[in-house]
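*Asks:* Residue 265 in our numbering sits at position 269 of the sequence shown; the count goes up by one each step and never skips.
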Amino acid sequence: MSVIDSNQVEFAAPRISEAGVRDYIALLKPRVMSLVVFTALVGLLMAPGSFHPVLAITAILCIAVGGGASGALNMWYEDDIDGKMTRTANRPIPRGRVTRPEALAFGLILAFFSVLTLGILVNWVSAALLAFTIFFYVVIYTMWLKRSTAQNIVIGGAAGALPPVVAWAAVTGSLAVEPLLLFAIIFFWTPPHFWALALFRNDDYARAGVPMLPVVAGPDHTRLQILLYTIVLVAVAAAPWPLGYFDAVYGIASLALGAWMLVLAVRVYRNRTGSAALRASRNLFKVSILYLFALFSILLVEVAAKAIWSLFA
């Protein structure tokens, strides 16, 4: 029987987390969350009927936290990809600031309590939709679509388009045409927005092994798809006006903003080499964010104008 010298036995000390508040905020993808909150706010304010301000704030916070949970779980699963891409290499997990188990626990806790709180304090229809949104983004998009098909953004875009639907359901407990129109606008906005990003980040995605459309089908095919989806987006965004769901101010503004997007999409299609191609795709990516923000801002203005008018009518 051998005797082991206890002095020769080394025990690994438990790792002390280096994560700070900023690291956990970064896990929430605050830029994405801000867009989620804004589109959800529009859906909430457009919904008919009265809604207590405390419940409204609760609903928006739950949707925001649910979106943040999706971002944290996305980073937990994609740490291998993030570490290979210049755009994402400084995220908390690749930098070693947050461990994968910490990110997983953080994301799951936020997801659980956002859905539970929304269900208990508001209604279970909106809570179920929020749970589905988180599931779709994390499981369907992040775990499956993103690594398996060049159509990842097209199908996965449904998750990013659901927040206004969740917010509408929070007020009404049901669905209607209006939130589905908002869903359709965001859904068709997503491909040209992200494919413009993928064009000037093509090397990043290729290095990480992500089958984005420019990597799989080539930049020229991607430019064609961007143009086609932008045409559809302009039509879908303008459709609520002649259908009678949104007012003329929105309709005219949507056509003007759509024309701007279309001009930039044509430039992306025509400029295929050198700095001109890079500049065109960058411009479309940046303007697409402004486009969606402006479009939904106009809806907010219309809602506010109607509320003010009703006070004096």
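Heads up, the beta-carbon is just placed ideally off N, CA and C, and yes, glycines get one too.
Fair warning: this is a prediction, and the values are worked out from it, not measured in the lab.
Report back the beta-carbon spacing between Ala43 and Val245 to the nearest angstrom; my notes put them in contact at under 8 Å.
*Replies:* To locate residue 43, count along the sequence shown from 1; it is residue 47. To locate residue 245, count along the sequence shown from 1; it is residue 249. Actually they are not in contact, since the Cβ atoms of Ala43 and Val245 sit about 20 Å apart, beyond 8 Å.
*Asks:* Would Leu229 and Thr218 be called neighbours here (beta carbons separated by less than 9 Å)?
*Replies:* Taking the sequence shown and counting its residues from 1, one reaches residue 229 at position 233. Taking the sequence shown and counting its residues from 1, one reaches residue 218 at position 222. Here Leu229 is not near Thr218, since their CB atoms are 9 Å or more apart.
*Asks:* Report the three-state DSSP secondary structure of Met(-3) (helix, strand or coil).
*Replies:* The count along the sequence shown starts at 1 and reaches residue -3 at position 1. Confidence is the limiting factor: at Met(-3) the pLDDT is only 43, short of 50, which leaves the residue's position unreliable and the question unanswerable from this model.
*Asks:* In the structure shown, what three-state DSSP assignment does Ala8 receive?
*Replies:* Locating residue 8 in the sequence shown gives position 12, counting from the first residue. Bear in mind that a pLDDT of 45 at Ala8, under 50, signals an unreliable position, so the number given afterwards is only what the model happens to contain. Note: Ala8 maps to coil in three-state DSSP.
*Asks:* In angstroms with no decimal places, state the Cα-to-Cα distance between Asn224 and Asp243.
*Replies:* If you number the sequence shown from 1, residue 224 lands on position 228. If you number the sequence shown from 1, residue 243 lands on position 247. Correcting the residue identity first, residue 224 is Leu in this sequence and not Asn. Their Cα atoms are separated by approximately 26 Å.
*Asks:* Excluding the 5 residues preceding and the 5 following Leu177 in the sequence, name in chain order all residues of the same chain whose CB lies nearer than 7 Å to its CB.
*Replies:* The residue you call residue 177 lines up with position 181 of the sequence shown. Same-chain partners within the cutoff: Pro236 and Tyr241.
*Asks:* The ligand PLP and Met81: does any heavy atom of the ligand fall closer than 8 Å to the residue's C-beta?
*Replies:* As far as ligands go, the structure on display features none, and thus does not contain the ligand PLP.
*Asks:* Less than 9 Å between the C-beta atoms of Tyr265 and Leu296, yes or no?
*Replies:* Residue 265 sits at position 269 when you count from the first residue of the sequence shown. Residue 296 sits at position 300 when you count from the first residue of the sequence shown. It is not a contact, given that the beta carbons lie outside the stated cut-off.
*Asks:* If I measure Cβ to Cβ from Ala276 and keep anything under 6 Å in the same chain, skipping five residues before and after, which residues do I get?
*Replies:* Taking the sequence shown and counting its residues from 1, the one referred to as residue 276 is at position 280. Around Ala276: Arg263, Val264 and Asn267.
*Asks:* Does the beta carbon of Ser66 sit closer than 9 Å to a beta carbon anywhere in chain D?
*Replies:* Checking the listed chains, one finds no chain D in this structure; it contains a single protein chain.
*Asks:* Whose CA, out of Ser66, Asp76, Val121 and Tyr201, lies closest to the CA of Gly152?
*Replies:* For the purposes of this step, residue 152 is identified with residue 156 of the sequence shown, where counting begins at 1. The candidate whose alpha carbon is nearest that of Gly152 is Ser66.
*Asks:* Buried or exposed for Ala55, going by 16 or more other Cβ atoms inside 10 Å?
*Replies:* Sequence index remark: in the sequence shown, residue 55 carries index 59 (1-based). Buried, by the Cβ-count rule.
*Asks:* Would you mind listing the alpha helix (DSSP H) stretches within the segment 86 to 165 that are 4+ residues and don't spill past its ends, in chain order?
*Replies:* 96 to 117, 120 to 131 and 148 to 157
*Asks:* Select from Glu74, Val61, Ile304 and Ala272 the residue whose C-alpha is nearest the C-alpha of Leu141.
*Replies:* Position 145 of the sequence shown, counted from the start, is the residue given in the question as residue 141. Closest option to Leu141, Cα to Cα, is Glu74.
*Asks:* Based on Cα-Cα distance, which residue from Val38, Leu286 and Gly64 lies nearest to Ala52?
*Replies:* Position 56 of the sequence shown holds residue 52. Of Val38, Leu286 and Gly64, the residue nearest in Cα terms is Val38.
*Asks:* According to the neighbour-count rule (16 or more other Cβ atoms, all chains shown, within 10 Å of its Cβ), is Asp216 buried or exposed?
*Replies:* Taking the first residue of the sequence shown as 1, we reach residue 216 at position 220. The residue in question, Asp216, is exposed, as its Cβ has fewer than 16 Cβ neighbours within 10 Å.
*Asks:* Could you name each continuous alpha helix (DSSP H) segment of 4 residues or more that falls completely within the segment 37 to 85, going from the start of the chain to the end?
*Replies:* 49 to 73 and 75 to 78
*Asks:* Which one of Arg18, Thr35 and Thr129 has the shortest CA to CA distance from Asn86?
*Replies:* Residue numbering aside, residue 86 sits at position 90 when the sequence shown is read from its first letter. The option with the nearest alpha carbon to Asn86 is Arg18.
*Asks:* Cutting at 7 Å between CB atoms, please list the residues of its own chain near Ser110, excluding the five before and the five after it.
*Replies:* Here the question's residue 110 lines up with position 114 in the sequence shown. Answer for Ser110: Cys58, Val61, Gly62, Ala65 and Leu126, listed in chain order.
*Asks:* Name the residue from Leu307, Ala213, Ala301 and Val150 whose alpha carbon lies nearest to the alpha carbon of Thr186.
*Replies:* The sequence position of residue 186 within the sequence shown is 190, counting from 1. Cα-wise, what sits closest to Thr186 is Val150.
*Asks:* Could you check the C-alpha separation between Ala303 and Gly45 for me, to the nearest Å?
*Replies:* Here residue 303 refers to the residue found at position 307 when the sequence shown is read from its first residue. Here residue 45 refers to the residue found at position 49 when the sequence shown is read from its first residue. Spanning the two alpha carbons is a distance of roughly 12 Å.
*Asks:* If you count every other CB in all the chains shown that lies within 10 Å of the CB of Ile181, and 16 or more means buried, which is it?
*Replies:* Position 185 of the sequence shown, counted from the start, is the residue given in the question as residue 181. So Ile181 ends up on the buried side.
*Asks:* When the Cα atoms are used, what is the spatial distance from Phe281 to Val232?
*Replies:* Reading the sequence shown from its first residue, position 285 is the one you call residue 281. Reading the sequence shown from its first residue, position 236 is the one you call residue 232. Using only the alpha carbons, I get a separation of about 19 Å.
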